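Below is one structure; the comments refer to it alone.
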Amino acid sequence: MIEKDLLDILACPVCRGGIRYDAPEEKLTCVSCGRRYPIRDDIPVMLEEEAELPGRST
Ligand SMILES: [Zn+2]
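So for the sequence shown, numbering that gives the first Met the number 0 puts the first residue at 0; every next one is plus one.
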């Protein structure tokens, strides 16, 4: 379970955008660039190399 207070202090390491919790997928989505960060053992993994890029073919 991710606390809202934690979400408030998290920021995307790539663009510094805000983070939104995607509960059904257990991911954290950057509201600015759309990267999706995994959560492992309730710990947000805010690493660029771990992020899923938003759907695009390039
Ligand atoms: Zn971002």
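Ideal Cβ positions, reconstructed from N, Cα and C, are used throughout, including at glycine.
Predicted model only: the values in this text are computed from it and were never measured.
With respect to the C-alpha of residue 3, the residue from 13, 21, 12, 14 having the closest C-alpha is 21. Check the Cα spacing between residue 43 and each of 25, 15, 31: the tightest is with 25.
Relative to the non-hydrogen atoms of ligand 1, the Cβ of residue 39 never comes closer than 8 Å to any of them. In the same chain as residue 38, and ignoring 5 residues on each side of it, the C-beta atoms closer than 8 Å to its own belong to 1, 25, 26, 27, 44, in chain order. When DSSP states are grouped into helix, strand and coil, residue 9 belongs to the coil group. Between residue 19 and residue 30, the gap from beta carbon to beta carbon is short of 9 Å.
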